[in-house]
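Below is one structure; the comments refer to it alone.
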Amino acid sequence: MPRTRAVVHTFHVAALGVWLGSLLMTGVAAAILFPTMKGLDPKLPAFAEYTGDHWMIAAGRAADRIFSINDALQLACALVVVVTLAAGAVWCNLRPTGLRGVLRLLALCVALVALGFQLFVLAPRMSLNLKTYWQAAQAGDRPLADRHQAAFSTDHTTAQN
917 MPRTRAVVHT FHVAALGVWL GSLLMTGVAA AILFPTMKGL DPKLPAFAEY
967 TGDHWMIAAG RAADRIFSIN DALQLACALV VVVTLAAGAV WCNLRPTGLR
1017 GVLRLLALCV ALVALGFQLF VLAPRMSLNL KTYWQAAQAG DRPLADRHQA
1067 AFSTDHTTAQ N
(Lines of atoms letter the chains of each structure in order from A and count residues from 1; the text may use other names and numbers.)
(Lines give C-alpha, C1' and ligand atoms only; values in the text may rest on other atoms or scores of the structure.)
Protein backbone atom coordinates (compact mmCIF):
# COMPACT_ATOMS: atom_id res chain seq x y z
CA MET A 1 0.00 0.00 0.00
CA PRO A 2 1.53 3.35 -1.01
CA ARG A 3 2.41 5.69 1.89
CA THR A 4 -0.27 8.33 1.14
CA ARG A 5 -2.95 5.68 0.90
CA ALA A 6 -1.83 4.13 4.20
CA VAL A 7 -1.82 7.50 5.98
CA VAL A 8 -5.28 8.44 4.67
CA HIS A 9 -6.68 5.03 5.56
CA THR A 10 -5.08 5.12 9.04
CA PHE A 11 -6.53 8.56 9.84
CA HIS A 12 -9.93 7.47 8.51
CA VAL A 13 -10.07 4.32 10.63
CA ALA A 14 -8.64 6.10 13.68
CA ALA A 15 -11.27 8.84 13.47
CA LEU A 16 -14.03 6.22 13.19
CA GLY A 17 -12.61 4.44 16.23
CA VAL A 18 -12.35 7.60 18.32
CA TRP A 19 -15.88 8.59 17.27
CA LEU A 20 -17.31 5.23 18.35
CA GLY A 21 -15.19 5.17 21.49
CA SER A 22 -16.34 8.63 22.53
CA LEU A 23 -19.98 7.60 22.14
CA LEU A 24 -19.51 4.45 24.18
CA MET A 25 -17.48 6.08 26.96
CA THR A 26 -19.94 8.97 27.28
CA GLY A 27 -22.72 6.45 27.78
CA VAL A 28 -20.62 4.55 30.32
CA ALA A 29 -19.79 7.78 32.18
CA ALA A 30 -23.48 8.70 32.43
CA ALA A 31 -24.41 5.17 33.46
CA ILE A 32 -21.93 5.41 36.34
CA LEU A 33 -22.42 9.08 37.26
CA PHE A 34 -26.20 9.18 37.76
CA PRO A 35 -26.63 6.10 40.00
CA THR A 36 -23.54 7.09 42.00
CA MET A 37 -24.87 10.59 42.59
CA LYS A 38 -28.32 9.21 43.46
CA GLY A 39 -26.73 6.96 46.08
CA LEU A 40 -24.84 9.91 47.57
CA ASP A 41 -28.08 11.95 47.79
CA PRO A 42 -26.35 15.36 47.88
CA LYS A 43 -28.04 18.54 49.06
CA LEU A 44 -26.93 21.53 47.02
CA PRO A 45 -26.89 24.84 48.93
CA ALA A 46 -27.35 26.82 45.69
CA PHE A 47 -30.62 24.90 45.17
CA ALA A 48 -31.82 25.00 48.79
CA GLU A 49 -35.25 26.34 47.77
CA TYR A 50 -35.82 23.43 45.36
CA THR A 51 -37.67 20.46 46.82
CA GLY A 52 -36.85 18.13 43.93
CA ASP A 53 -33.97 15.69 43.55
CA HIS A 54 -30.65 17.46 44.03
CA TRP A 55 -28.70 14.39 42.95
CA MET A 56 -30.15 14.72 39.46
CA ILE A 57 -29.01 18.33 39.22
CA ALA A 58 -25.53 17.50 40.52
CA ALA A 59 -25.11 14.57 38.12
CA GLY A 60 -26.66 16.54 35.27
CA ARG A 61 -24.25 19.43 35.70
CA ALA A 62 -21.27 17.09 35.46
CA ALA A 63 -22.78 15.04 32.62
CA ASP A 64 -23.59 18.20 30.66
CA ARG A 65 -19.87 18.98 30.44
CA ILE A 66 -19.10 15.42 29.36
CA PHE A 67 -21.79 15.52 26.66
CA SER A 68 -20.61 18.92 25.38
CA ILE A 69 -17.05 17.66 25.04
CA ASN A 70 -18.36 14.52 23.34
CA ASP A 71 -20.37 16.59 20.84
CA ALA A 72 -17.25 18.57 19.89
CA LEU A 73 -15.19 15.38 19.61
CA GLN A 74 -17.83 13.70 17.44
CA LEU A 75 -17.95 16.71 15.12
CA ALA A 76 -14.15 16.73 14.79
CA CYS A 77 -14.08 12.99 14.10
CA ALA A 78 -16.89 13.24 11.56
CA LEU A 79 -14.99 15.97 9.72
CA VAL A 80 -11.84 13.85 9.64
CA VAL A 81 -13.83 10.83 8.43
CA VAL A 82 -15.45 12.81 5.60
CA VAL A 83 -12.19 14.51 4.58
CA THR A 84 -10.23 11.25 4.59
CA LEU A 85 -13.00 9.49 2.67
CA ALA A 86 -12.90 12.22 0.01
CA ALA A 87 -9.08 12.30 0.00
CA GLY A 88 -8.95 8.54 -0.31
CA ALA A 89 -11.36 8.60 -3.23
CA VAL A 90 -9.59 11.44 -5.05
CA TRP A 91 -5.89 10.77 -4.37
CA CYS A 92 -5.65 7.11 -3.50
CA ASN A 93 -8.34 5.38 -5.55
CA LEU A 94 -10.04 4.22 -2.33
CA ARG A 95 -13.59 4.23 -3.59
CA PRO A 96 -16.31 2.18 -1.92
CA THR A 97 -17.10 -0.66 -4.31
CA GLY A 98 -19.25 -3.73 -4.07
CA LEU A 99 -21.90 -4.45 -1.49
CA ARG A 100 -19.48 -4.01 1.42
CA GLY A 101 -18.41 -0.57 0.22
CA VAL A 102 -21.96 0.57 -0.40
CA LEU A 103 -23.09 -0.63 3.04
CA ARG A 104 -20.12 1.12 4.64
CA LEU A 105 -20.95 4.36 2.83
CA LEU A 106 -24.62 4.01 3.76
CA ALA A 107 -23.71 3.43 7.44
CA LEU A 108 -21.53 6.54 7.37
CA CYS A 109 -24.37 8.59 5.86
CA VAL A 110 -26.76 7.38 8.56
CA ALA A 111 -24.19 8.25 11.25
CA LEU A 112 -23.67 11.73 9.77
CA VAL A 113 -27.42 12.40 9.59
CA ALA A 114 -27.85 11.20 13.19
CA LEU A 115 -24.94 13.39 14.30
CA GLY A 116 -26.36 16.39 12.44
CA PHE A 117 -29.75 15.89 14.09
CA GLN A 118 -28.08 15.53 17.49
CA LEU A 119 -25.86 18.61 17.12
CA PHE A 120 -28.23 21.00 15.39
CA VAL A 121 -31.72 19.99 16.56
CA LEU A 122 -31.74 17.80 19.64
CA ALA A 123 -28.78 19.11 21.68
CA PRO A 124 -29.76 22.80 21.47
CA ARG A 125 -33.34 22.01 22.50
CA MET A 126 -32.20 19.76 25.33
CA SER A 127 -29.67 22.33 26.48
CA LEU A 128 -32.30 25.07 26.62
CA ASN A 129 -34.67 22.88 28.64
CA LEU A 130 -31.86 21.77 30.93
CA LYS A 131 -30.60 25.30 31.62
CA THR A 132 -34.16 26.55 32.23
CA TYR A 133 -34.77 23.59 34.57
CA TRP A 134 -31.64 24.46 36.55
CA GLN A 135 -32.50 28.16 36.72
CA ALA A 136 -36.06 27.44 37.87
CA ALA A 137 -34.82 24.88 40.41
CA GLN A 138 -32.29 27.36 41.77
CA ALA A 139 -35.06 29.95 42.12
CA GLY A 140 -37.24 27.36 43.90
CA ASP A 141 -39.89 27.40 41.14
CA ARG A 142 -40.81 23.71 41.25
CA PRO A 143 -43.65 23.81 38.65
CA LEU A 144 -41.48 25.51 36.02
CA ALA A 145 -38.53 23.25 36.85
CA ASP A 146 -40.72 20.16 36.54
CA ARG A 147 -42.08 21.27 33.13
CA HIS A 148 -38.61 21.78 31.69
CA GLN A 149 -37.29 18.60 33.27
CA ALA A 150 -40.16 16.69 31.63
CA ALA A 151 -39.42 18.30 28.25
CA PHE A 152 -35.74 17.40 28.67
CA SER A 153 -36.65 13.82 29.63
CA THR A 154 -38.79 13.41 26.52
CA ASP A 155 -35.85 14.41 24.31
CA HIS A 156 -33.48 12.32 26.43
CA THR A 157 -35.27 9.16 25.29
CA THR A 158 -34.63 10.15 21.67
CA ALA A 159 -30.99 11.00 22.44
CA GLN A 160 -30.42 7.63 24.11
CA ASN A 161 -31.66 5.83 21.02
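Per the numbering used here, the sequence shown starts with residue 917, numbered consecutively.
Every residue, glycine too, gets a C-beta built ideally from N, C-alpha and C.
Secondary structure note for G1004: its alpha helix (DSSP H) is the uninterrupted segment H970 to W1007.
Taking one beta carbon from each stretch, the segment 951 to 962 and the segment 1004 to 1023 have fewer than 3 pairs nearer than 8 Å; the two do not touch.
Taking L1046 as the centre and dropping the five residues before and after it, the same chain places the C-beta of F1068 closer than 6 Å to its C-beta, in chain order. The Cβ-Cβ distance between H1064 and T1048 falls below 7 Å. When secondary structure is reduced to three states using DSSP, P958 falls in the coil class, being assigned neither helix nor strand.
If you ignore the 5 residues before and after A979, its C-beta comes within less than 8 Å of the C-beta of A945, A946, L949 and F950, all in its own chain and listed in chain order. For P918, no alpha helix (DSSP H) run applies, since DSSP gives it neither H nor E.
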